[in-house]
Each structure stands twice: as C-alpha cells, then as structure tokens.
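**Q**
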Amino acid sequence: MLKTHTCGELRVEHAGQRVTLAGWVNRRRDQGGLIFIDLRDRWGLTQVVADQKSVAHAVMEELRSEYVIQVTGRVRPRPAGSENPKLATGAIEVEADEVRLLNPAKTPPFNINEEFPVDELIRLKYRYLDLRRDRMRNNIVLRHRISQFIRNYLSDKGFIEVETPILFKTTPEGARDYLVPSRVHPGQFYALPQSPQQLKQLLMVAGVERYFQIARCFRDEDQRGDRQPEFTQLDMEMSFVQRDDVMTLVEGLITTLVETVSDKKILKKPWPRFTYHEAMDRFGDDKFDLRYGMELQDIATLAKGHGFKVFDEAEQVKAIVAPGCAAYSRKQIDELTEFVKGFGAKGLLWVAVGEEARSSFSKFVPEDKINAIIEKVGARQGDLILVVAGTPAGVAGALSRLRAELGARLNLADPNVLAFCWVIEFPLFTWREEEKRWDPNHHLFTSPLPEDIPLLDTEPGKARGAQYDMVCNNYEVAGGSIRIHDRKLQEKVFRLIGLSFEVAQERFGHMLEAFEFGTPPHGGIAPGIDRLAMLLAGEPNIREVIAFPKSQQAADLMAGAPSPVEPRQLKELHVAITD
Ligand code: ASP
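Counting along the sequence shown from 1, when you hit position 108 you're at 108 in the working numbering, and nothing is skipped either side.
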C-alpha cells in the first residue's frame, strides 16, 4: 500500500508515529516559512505541514489543487489554539519530511473543495470530479450502506438474491421498451427488462419462496422531472403470503433501514394506511405528503344553490386552507390561478379570512354561507381558502398540485421527517376511453382482492386490486401486489384488457404454461432505491444519488452516449437507419 493510514483516521493518540498518507491536494496555503496542505482521500482531510528548512517544503511549493501526492511524516498535536474541532482529524497535523508527487492534475473545471452551485451539465460531463466532492461522496457512501443493509436484513430473513437477465423479453410495466437487435436472429429483438416482474414470479414457481435482487430496470420514457432511463429497484417476491405479510415485512425493513443509516425521523409508526378512495378524497392524489395538513375539503353543499353557475354546474367543489396567506396580493392569486389551470382547473376561487372575510365569490354566495364555509374548513384569521370547482378528476388534479406547491412555498414540511404510509385497495383497472378497453392500474399480473373476483364478470371497474403502494413525502416509493397464480384468472384479465389469445400466448405463453405446474400463491413489491436514497440524503432529485446518471435528455454527457455506430455494426445487426 502507498499509505499506512487514511486521511480521516489520525487522532492525538497517533502523535509521535511516523505515517504515510496519500491522496489529493484539497487546498494549499503558503505562509512563507510554512506551507500547509489539506490532504484529501475518501475518508477525510488531514493537515500536512512543512517548514522552510525541510526538503518537503520545496516539493510542496510546486503543488496545486488536485495533484495526487504521497506524504510521509510524523503526527503531532496541532499547536494550542489552532485545532479545528469541525474536522475529525482537527487535533493533529502531519509534519512532512518526504513528499512525492504521484501525478499532477489540470485545473479542474470547478472547485472541488467548496460547496457552491455548479452547472449540472458540467458536473455530469466531469462526473468523476463531481464525485470527489463531499456531497456526492457522502451520497454514494450512503447508497452503499443502503444496499448493504438491505442485503443483510433480507438474508437474515431467509431471502436469497438471484440475478435475472438483462437481455430478455418485454415486461409489461406500461412504459416503452429498450430494444436490443439480435445479430444471431435477424429481425428479432431482446427487450431490456422494465422490471424483473415475470422472472421473479417464475422464481416463485421454481420454489425459491423468498427472492430479492437489487435490480436495474429500463424504461424508455420521456425524461420529465425525476426519471432516469435506467434505475434501481429493490425487487422482492415471496410465496405463501397475503397482502399484509408483504407490507409488514417491507415496513419493518424500511423503518429499520431509515433508523440505521440516517438521522431522519419517521412521522408515524406503524405507517398509516389509506384506501385509494380515501387518498383521492383527502389529498386528490395517490401520492401525497403527510408532513402537513391542508387536506382537500368538500364544500359543495354550502357553495351550491345560490345561482352561481361555477359552483352549481360543477360535479365537485373542494377547498384547501393556505395558512397565513390571507394577505396574498392580486398578483400572487393570479399566479396560483395560472398554476391550477395547468392541472385541469378552469379557475381558482378564494376566501381571505380576516376581521371581515373577503372573497372572489361574495357577489354570488351569501355572507352567512361564506362564514359557514370558513367554519367548515376550519380556517382561522389570516388564512386563505382556495377553492376549485369542476369534475372530480379536475378538482383532484388541481388541488393536489396546489397543495404540494403551497407546502413547498410555505415551508410546511419538516425536511428531517419521512412520512411513510401505504395506499391500498386501488381499482384493478382504469378505463381507456380512446381504446375502449380496461387497462391494469398496476400491471397485468396483479390479483383482484379475493372478494372482488366475481366483479370481473359483472362490473370490472369496481373490482379492487390486491395492490399496495408505499408513499413518502409526495413520492411513490414502491408498488407491489399479490399476483394472480391461476391460469384461468390470468387469462380472464388478459381478455379484459384486450389482449387477444394469440398476443397473450406470444408474449406471456411461458407464464401461462408455468402457472399450470403448481404455482404457489405469491406476491411482492419493488421499492425504488434511487428514490429512497434521495429521500434519505435529503437531495432534490435522483440524479444526485446515482453515480453516473443520464441528463434530462437521456444522455451520458461524460462518455457521450448514445452515439452513432459503424455502418458495419448495423449491418451485422440487420438494422437500417431510416431517418
Ligand atoms: N414490478 C413492479 C414495478 O416495477 C413491482 C411489483 O409489482 O413487485 O413497479
């Protein structure tokens, strides 16, 4: 080894020892007679010092930031008063007697030793330098600890980790596939797995009983917001279980994980559970933030019947209370109105609660009704009630987004809290009007709740799925379900979603066949590791917790991928570029 200790290791107990350290020059300070270097490696920083009389001084004069060096010297306590309590090694320094330059470095495109905003495109192009920074290093170390914890926890509970193929066949998670042309089979393609869904179910047929994998998934979706073409899931599946068995196990895993690898607090234990309908009713969405109130409240009975068309003709009238926002200006309210219009609302109405209530609908709705609305929604002096009227989907879409937006603007959410909860009893299907068919809400292997199976023949839209989603701080962190393990029921679902017998056979014949060889009842779930790491690290998006993420345009800016290939390669693959 070129080093005897790490740069995060030395303490006063080491005083007097001769050590060798190696790493990067984080910062150099030349004070004439003395040169100081903060030497950095993955474990931390150590101050190295040389005085004019030493040979080391001459070498250190030539050093610049990010040069790679090796230092040998004696550990000594720092002179009284110059200790740095913020640094783990801040009580000591290494008095260098030998310094070797192992490799010089060009001036980096951004400072590595300081935390300040750098353009993300530059960070991604020089990701290997970005990863040297404290914030990113902490994130990748945290991510390692998360995976390590999961592996140990699940192994202790009898799970085994099984790798599944990347070159596979389409997996129906509802996104577009990444396809890989086959050289050996002209005109045929592999699909990269959108998740190992089919394979984990086949592992249950194989008798594995408790499977997990830290699995890469590939979905060719538009890169809006917080998506990546490839991302990582903790993929799990268990046999001989019912819905609560999976939920309890995963809740235990995630709770212990959070409490072991981070200092974030979990809002409520055990995690609250909401049915899908309750979630839609109270939050307008199936993912929401429980760290603050501002729930959606139905005010239709008070708002309707006064001859105000906007309310009278609406299927739903709902409100949220923005705390302390009564003094919002016209301009601020206009801004919020534009905001909700982007999410399906026709407009935004309001009541500002003060000594006297002011309201955008006071001309149309009598004062006593406005006061009754204030009372019903529990608004207090200084609050602003925001009202949306329209279809249930329009109201939910607009108010859920408005709730999240105001939550962020008003800093209502404690960043140190993780508000986990479960959402259950989703409808099994959603109706696709354009295609006149049912679409699975989760995926097509999700079982209906046993008591709802008869509804598949009568009112499929009313059937609830044995699906469970894990939600935290406005994100869906995991989705899972108890699966169909009966060939007949699976075929019925295929028919309902409009998959012809031939197509079902071609795509999933292997699953249907497998189901006939003694398939145990089974179910699973797949928490997103990127998202969990993001929440635990307190980062704003998943790119910050992925070592080498793609840009928002789905490109690797460091290596330059995707990129054109040689015509010869295309020919071998029997592929022609058409535009
Ligand atoms: N395969 C599902 C997903 O990727 C998870 C599951 O059902 O276990 O969302």
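For glycine and all other residues, C-beta sits at the position ideal for the given N, C-alpha and C.
Spatial neighbours of ASP452 within its chain, please: C-beta separation below 6 Å, excluding the five flanking residues on both sides.
**A** The answer, listed in chain order, is ALA463, ARG464.
**Q** Beta strand (DSSP E) containing SER239: first to last residue?
**A** Residues 230-239.
**Q** Please go through the stretch 352-413 and give each complete beta strand (DSSP E) segment of 3 or more residues, from N-terminal end onward.
**A** DSSP runs (the beta strand (DSSP E)) wholly in the stretch 352-413: 384-390.
**Q** Where does PRO562 fall in DSSP's three states?
**A** It is coil, neither helix nor strand.
**Q** Any contact of the stretch 92-107 with the stretch 68-75, i.e. 3+ C-beta pairs under 8 Å?
**A** With a cut-off of 8 Å, the stretch 68-75 and the stretch 92-107 count as touching, because enough Cβ pairs lie within range.
**Q** Would you decide whether ALA322 is buried or exposed? Buried here means 16 or more other CB atoms lie within 10 Å of its CB.
**A** Counting Cβ neighbours within 10 Å, ALA322 comes out buried, since at least 16 surround it.
**Q** The beta strand (DSSP E) spanning VAL71 covers which residue range?
**A** From DSSP, the beta strand (DSSP E) with VAL71 extends over 68-77.
**Q** Does the stretch 296-305 come within contact of the stretch 360-379, defined as at least 3 CB pairs closer than 8 Å?
**A** Yes: the two stretches touch, three or more of their Cβ pairs being nearer than 8 Å.
**Q** Using a Cβ-Cβ cutoff of less than 7 Å, which residues in the same chain neighbour VAL258 once the five nearest sequence positions on both sides are dropped?
**A** Taken in chain order, the residues that qualify are LYS264, ILE266, LEU418, LEU536.
**Q** Could you tell me which residues DSSP pairs with ASP618 in its beta bridges?
**A** A question about residue 618 goes unanswered here, because the residues of the chain that appear run from 1 up to 579.
**Q** GLU173: beta carbon under 7 Å from a heavy atom of ligand 1?
**A** GLU173: yes, Cβ under 7 Å from ligand 1.
**Q** Check this for me: beta carbons of PHE399 and ILE320, under 8 Å apart or not?
**A** It is worth fixing the name first, because residue 399 is Leu in this sequence and not Phe. Closer than 8 Å, so yes.
**Q** Flag this pair as yes or no: are the beta carbons of TYR328 and LEU406 separated by less than 8 Å?
**A** It is not a contact, given that the beta carbons lie outside the stated cut-off.
**Q** Return helix, strand or coil for PRO181, following the three-state DSSP convention.
**A** PRO181 falls in the strand class under three-state DSSP.
**Q** Evaluate contact between the stretch 44-55 and the stretch 4-11, counting only Cβ atoms and requiring at least three cross-stretch pairs below 8 Å.
**A** Yes: the two stretches touch, three or more of their Cβ pairs being nearer than 8 Å.
**Q** State the Cα-Cα distance for the pair LEU167 and HIS277, rounded to the nearest angstrom.
**A** LEU167 and HIS277: Cα-Cα distance of roughly 39 Å.
**Q** Helix, strand or coil: how does DSSP classify GLY461 here?
**A** If DSSP states are grouped into helix, strand and coil, GLY461 belongs with the helices.
**Q** Please classify LYS200 as buried or exposed, where buried requires at least 16 neighbouring CB atoms within 10 angstroms.
**A** Per the 10 Å Cβ criterion, buried.
**Q** Candidates VAL208, GLN467, ASN84: which alpha carbon is nearest ARG243's?
**A** Comparing Cα positions, the closest option is GLN467.
**Q** With a threshold of 8 Å, are at least 3 pairs of Cβ atoms found where one atom belongs to the stretch 285-300 and the other to the stretch 470-483?
**A** Yes, they touch.
**Q** Determine the contact status of ALA326 and VAL353, defining contact as a CB-CB distance below 8 Å.
**A** Cβ distance < 8 Å, so ALA326 and VAL353 count as in contact.
**Q** Between the alpha carbons of PHE429 and ASP134, how many angstroms are there, rounded?
**A** When rounded, the distance between both Cα atoms is 46 Å.
**Q** Looking at SER239 and ligand 1, is the gap between the Cβ and the nearest heavy atom below 7 Å?
**A** Outside the cutoff, so no.
**Q** Whose C-beta lies closer than 8 Å to the C-beta of LYS369 among residues of the same chain, with five residues either side of it excluded?
**A** Counting only Cβ-Cβ distances below 8 Å, and skipping sequence neighbours, we find LEU302, ALA303, HIS306.
**Q** Can you tell me where the alpha helix (DSSP H) holding TYR211 begins and where it ends?
**A** Run containing TYR211: none in the alpha helix (DSSP H); it sits in the beta strand (DSSP E), 210-218.
**Q** Run through DSSP, which three-state label would GLN31 get?
**A** DSSP places GLN31 in strand when its eight states are reduced to three.
**Q** By Cβ distance, which residues of its chain are closer than 7 Å to ILE546, with the 5 residues on each side in sequence left out?
**A** Closer than 7 Å at Cβ, skipping near neighbours: GLN228, ASP530.
**Q** With hydrogens ignored, establish whether the beta-carbon of ILE525 is closer than 7 Å to any heavy atom of ligand 1.
**A** Yes, the Cβ of ILE525 comes within 7 Å of a heavy atom of ligand 1.
**Q** What is the rounded straight-line gap between the Cα of THR170 and the Cα of PHE515?
**A** When rounded, the distance between both Cα atoms is 19 Å.
**Q** Compute the minimum distance between the beta carbon of HIS443 and the heavy atoms of ligand 1, and state whether it is under 7 Å.
**A** Yes, ligand 1 has a heavy atom inside 7 Å of this Cβ.
**Q** Report yes if the C-beta distance between SER155 and ILE214 is below 8 Å; otherwise report no.
**A** Result no, Cβ atoms of SER155 and ILE214 do not sit closer than 8 Å.
**Q** Comparing the CB of GLN490 with every heavy atom of ligand 1, is any distance shorter than 7 Å?
**A** Checking the Cβ of GLN490 against ligand 1 gives no.
**Q** Can you name the start and end residues of the alpha helix (DSSP H) that ILE453 belongs to?
**A** It is not in any alpha helix (DSSP H) - ILE453 carries neither H nor E in the DSSP assignment.
**Q** Would you mind reading off the limits of the alpha helix (DSSP H) that contains GLU338?
**A** Taken as a continuous stretch (DSSP letters only), the alpha helix (DSSP H) holding GLU338 covers 330-341.
**Q** Might you give, ordered along the chain, the residues of its own chain that have their beta carbon closer than 8 Å to the beta carbon of ALA561, omitting 5 neighbours on each side?
**A** The residues are ALA555.
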